[in-house]
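In the numbering used here, the protein residues as written are 1 to 148.
Listed below in structure tokens is the structure:
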């Protein structure tokens with residue numbers, strides 16, 4: 001009886017393919033859109049916050065004597081604090097939604113070009129409408145309610 005000779009072992013499986021090596025220092029377009037979306041969101045937050053701050057700073061009354069009534073001072077301070085909380089939270093929400101629209105519109109490869117354009121258009125229109133309505137709201141309330 002002749003024993004079969006033991007030859008080299010044949011590979012029964014294919015080794016896993018290694019991903020292509022990344023080139024150092026090159027940012028992919030997908031990552032660039034994500035970073036730009038985050039940066040735009042931060043800029044929108046800073047811009048809308050400063051825009052609303054100019055509307056909420058009280059106009060000095062040159063001909064008026066300052067009031068000393070503690071109830072009136074507390075009321076004015078409460079209105080100012082609530083207005084600032086409203087402005088900061090709403091501006092943060094608007095800037096976050098615009099940034100997320102940029103991130104979602106730029107990061108998903110399975111979205112069609114029309115859907116991506118729609119997301120970017122939503123972000124732009126939403127920001128413009130927010131600025132117009134907020135300006136009108138504070139302009140109207142400043143004219144109706146005099147808060148010195």
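By construction, the Cβ of each residue, glycine as well, lies at the ideal position given by its N, Cα and C atoms.
| query | result |
| --- | --- |
| Skipping 5 residues on each side, what residues in its chain have a beta carbon closer than 7 Å to that of residue 119? | 101, 104 and 105 |
| Does DSSP put residue 18 in a helix, a strand or coil? | coil |
| What's the call for residue 127, buried or exposed, on a 16-neighbour Cβ count within 10 Å? | buried |
| Taking only runs that begin and end inside the region 85-143, name each unbroken alpha helix (DSSP H) of 4 or more residues, in chain order. | none |
| Just how far apart, CA to CA, sit residue 110 and residue 81? | 45 Å |
| Relative to the alpha-carbon of residue 97, which residue among 31, 41 and 14 has its alpha-carbon at the smallest distance? | 41 |
| Quick check on this structure: which residue in 117, 112, 69 and 88 has the alpha carbon closest to the alpha carbon of residue 47? | 88 |
| Can you check which of these residues, 14, 56 and 43, is closest to residue 84 by C-alpha distance? | 56 |
| With distances taken Cα to Cα, identify the nearest neighbour of residue 90 among 74, 115, 68 and 45. | 45 |
| Given a cut-off of 7 Å, decide if residue 99 and residue 37 are closer than it, judged by their beta-carbon atoms. | yes |
| Whole angstroms is fine: what's the gap from residue 72's alpha carbon to residue 121's? | 45 Å |
| Quick check on DSSP: helix, strand or coil for residue 65? | coil |
| So is residue 123 buried or exposed if we call it buried at 16+ other beta carbons inside 10 Å? | buried |
| Could you have a look at residue 28 and say whether DSSP puts it in helix, strand or coil? | coil |
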